[in-house]
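Input: a single structure, listed below in structure tokens.
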Amino acid sequence: MTEAYDYIIAGAGSAGCTLASRLVAAGKRVLVVEAGPADNTRFIDMPATFARVIGTARSWIYQSDPEPSVGGRSLPIPQGRTLGGGSSINAMLYIRGQAEDYDGWRDLGCPGWSWDDVLPVYRRLERNERLAGERHGTEGPLPVSDPRYRHPLSLAYVKAAQQAGYRFNDDFNGERQEGVGFYQTTTADGERQSAAKVFLRPLAGNANLKIVTDALVTALTLENGAATGLSYRTPDGHDHVASAKAEVILATGALATPKLMMLSGLGPAAHLAEMGIPVIRDMPSVGQDLQDHVAAPLYALTRKPVSLLGEDRGLKALRHGIEYLMFRRGLLASNVVESGGFFDTDGDGRPDIQFHVLPVMIENAEHGSVERHGMELNPCLLRPKSRGSVRLRSADASDPIRFTTGFLSHADDLALLLAGMKVARAIVRQPALREIVAEELAPGRADDLGDQAITDHIIRHAKTVYHPCGTCRMGTDDLAVVDPQLRVRGVPRLRIADASIMPRLTSGNTNAPAIMIGDRCADFILGTR
1 MTEAYDYIIA
11 GAGSAGCTLA
21 SRLVAAGKRV
31 LVVEAGPADN
41 TRFIDMPATF
51 ARVIGTARSW
61 IYQSDPEPSV
71 GGRSLPIPQG
81 RTLGGGSSIN
91 AMLYIRGQAE
101 DYDGWRDLGC
111 PGWSWDDVLP
121 VYRRLERNER
131 LAGERHGTEG
141 PLPVSDPRYR
151 HPLSLAYVKA
161 AQQAGYRFND
171 DFNGERQEGV
181 GFYQTTTADG
191 ERQSAAKVFL
201 RPLAGNANLK
211 IVTDALVTAL
221 TLENGAATGL
231 SYRTPDGHDH
241 VASAKAEVIL
251 ATGALATPKL
261 MMLSGLGPAA
271 HLAEMGIPVI
281 RDMPSVGQDL
291 QDHVAAPLYA
301 LTRKPVSLLG
311 EDRGLKALRH
321 GIEYLMFRRG
331 LLASNVVESG
341 GFFDTDGDGR
351 PDIQFHVLPV
361 MIENAEHGSV
371 ERHGMELNPC
381 LLRPKSRGSV
391 RLRSADASDP
401 IRFTTGFLSH
411 ADDLALLLAG
421 MKVARAIVRQ
431 PALREIVAEE
441 LAPGRADDLG
451 DQAITDHIIR
461 HAKTVYHPCG
471 TCRMGTDDLA
481 VVDPQLRVRG
491 VPRLRIADAS
501 IMPRLTSGNT
511 NAPAIMIGDR
521 CADFILGTR
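Oh and the sequence shown: position 365 is 365 in the UniProt record's numbering, straight run, nothing missing.
Printed below as a string of structure tokens:
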């Protein structure tokens, strides 16, 4: 039996939830299909415990092919696999990026996506507890707030960065991104405000919305080259088919959306033939141009046991839990990545490095802690030139993709990350941190450590910042996958609304841009601006 809806959205992540909310509010009958389970765990709601969700059934851990440019390592990229997607398992940072990012999209052939076009969307979505004016909204559905908890190591970093000569910035989404300070987050009253909580939960009981969880979308249904629906598989092994009277929208993210396209015969013809998939439309750019923020950690040992290590165990964990449940304050109200900043290392007036500072040392992307007390400064490359790609492993939808990140394969990226690491090494040697930090564990203790030693450390430890994008890029050229209204070129009734459409990665965390993309997709569908 085929289920019929007006619109079908594959993926209940940041963009998918936002889009679903708008369509249902407009009276449309909408089906949302999500691969993962519901977001009904306290570890999602409590800001500090998101690391406990990564590696569970509520996340994907995509594993790359061996990457020659980072020493032959296979790199993990965790992504959300639950209602809310990445917004349910991320560090909740609210960063829009730079005005130049969006003006750059416009100049790359995406009219209607300049900063002047997207700023009103950001403002109408935002409900900021502190900031207002031309760049901030105060009446929107998405809560944005200041941290309720500031770890002593985060405070010491912000002081040390100012001692190193960097300006304090109390609004990274203001007129000037450059500077150091504390991040605002998508939280309210000490709780995470995921896209599922903000946009889907208010619709509970609405007859126009159906949400199916634990359902793997296996392919699009195409008739005469147009999208008419999709098929999905439930845990009982049964396959289901749903039809869309109007459109199907893919919102499964920059790694899963190109996979669905290719499984459905929309992608590079030679690769599809290799997989034994009939070619519906040869689209060479599907799965290409993968971009992601790459970072490398500076590890610093603390003189005293003041880091987060061990705070989730025994009586300490019990005390934190009671404080949080009673007052929504304390350590569990922290988003962990409380502080950071944006740095212009090449002097062109535009930040090219972002810091994420953690009051603990993390070994890898699956969030295994280094069992020593310390902190971590993570320089992150904002606009990488390196590119990766996504390919199918087989024609079986349950098989994981094959992909490469391409991290540091462009020499300019390695040079900029080296510059960022030098900034981090200078900051950790300032008085505010010297009082707390015993030594720089890595890249090394020596103040005059050579470039090669630092570069070797970067290559050994380079890692994702969880922001893949660009694999179904937007544009007006012949190779663009979607047009500026997010319609898949040459495939009627099909759109894409997630980070895969970004022609270039934004200069900062990508959750806010993904929500903006979902909201703009609703504008295009509903004919509003």
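Glycine is no exception: its CB is placed at the ideal position from the N, C-alpha and C atoms.
Own chain, CB closer than 7 Å to residue i, minus 5 neighbours either side, in chain order
i: I501; result: C472, R473, M474, V482, L486 and I517
i: D344; result: E178, R350, P351 and D352
i: D519; result: T18, R22, V121 and L125
i: M92; result: P47, T185, T186, T187, R192 and N335
Exposure of residue i, with buried meaning 16 or more beta-carbon neighbours within 10 Å
i: K316; result: exposed
i: H356; result: buried
i: Q452; result: exposed
i: P443; result: buried
i: A204; result: exposed
i: F199; result: buried
i: I322; result: exposed
i: G527; result: exposed
i: D348; result: exposed
i: A160; result: buried
i: R460; result: exposed
i: A10; result: buried
i: R393; result: exposed
i: P235; result: exposed
Distance between residue j and residue i (C-alpha atoms, nearest Å)
i: V491; j: I454; result: 48 Å
i: K304; j: S154; result: 15 Å
i: A295; j: D478; result: 33 Å
i: I401; j: Q354; result: 29 Å
i: E100; j: D116; result: 11 Å
i: R391; j: E439; result: 43 Å
i: D170; j: S145; result: 12 Å
i: G72; j: F407; result: 11 Å
i: A20; j: A215; result: 17 Å
i: G133; j: F172; result: 14 Å
i: Y324; j: R150; result: 14 Å
i: G450; j: M261; result: 46 Å
i: R372; j: I54; result: 21 Å
i: V306; j: L332; result: 16 Å
i: E139; j: E129; result: 10 Å
i: P297; j: E376; result: 6 Å
i: I8; j: L142; result: 23 Å
i: A196; j: I211; result: 11 Å
i: E223; j: R493; result: 11 Å
i: L255; j: E435; result: 43 Å
i: P152; j: S285; result: 47 Å
Cβ neighbours of residue i in the same chain (closer than 6 Å, five flanking residues each side left out)
i: V370; result: M361 and E363
i: R429; result: none
i: L209; result: V24, V30 and L203
i: P278; result: G265
i: F342; result: Q177, E178, P351 and Q354
Minimum C-alpha distance to residue i - residue among the options
i: L23; options: S507, E247 and S231; result: E247
i: S114; options: L125, R96 and R130; result: R96
i: A432; options: D312, Y157 and S394; result: Y157
i: V423; options: G165, N40, E34 and G11; result: G165
i: Y94; options: P152, T185 and Y102; result: T185
i: D107; options: T476, T528 and A522; result: T476
i: A251; options: H410, C469 and T2; result: C469
i: V33; options: G374, R123, G13 and V437; result: G13
i: G225; options: L255, G265 and A256; result: G265
i: P66; options: L441, L75 and Q163; result: L75
i: S339; options: H320, R319, D346 and N378; result: N378
i: D396; options: A219, T510, R434 and N509; result: A219
i: K385; options: F182, I249, T221 and A411; result: A411
i: E3; options: R460, K245, V286 and R493; result: K245
i: K259; options: C380, E311 and F403; result: F403
i: H293; options: W105, V437, Q162 and L382; result: L382
i: A462; options: L358, Y5, W60 and V70; result: V70
i: G330; options: D346, G314 and L308; result: L308
i: N511; options: R489, Y466, C521 and V488; result: Y466
Residues near residue i in its chain [Cβ-Cβ closer than 8 Å; skip 5 each side]
i: R176; result: N169
i: C110; result: M474, G475, T476, P484 and P503
i: R58; result: G36, P37, D39, T41, I44, G80, R81, T82, S88 and I89
i: P513; result: R96, G97, A499, M502 and T506
Cβ of residue i within 8 Å of any chain B Cβ
i: V491; result: This model lacks chain B altogether; it includes just one protein chain.
Any non-hydrogen atom of the ligand MG within 7 Å of residue i CB
i: D523; result: You won't find the ligand MG in this model; it holds no ligand whatsoever.
Is the segment 77-85 touching the segment 231-245, taking contact as three or more C-beta pairs under 8 Å? no
Give a yes or no on contact between the segment 415-423 and the segment 263-280, applying the rule of three or more CB pairs nearer than 8 Å. no
When the Cβ atoms of the segment 44-56 are set against those of the segment 221-236, are three or more pairs found closer than 8 Å? The segment 44-56, when compared against the segment 221-236, does not touch it at the 8 Å Cβ threshold.
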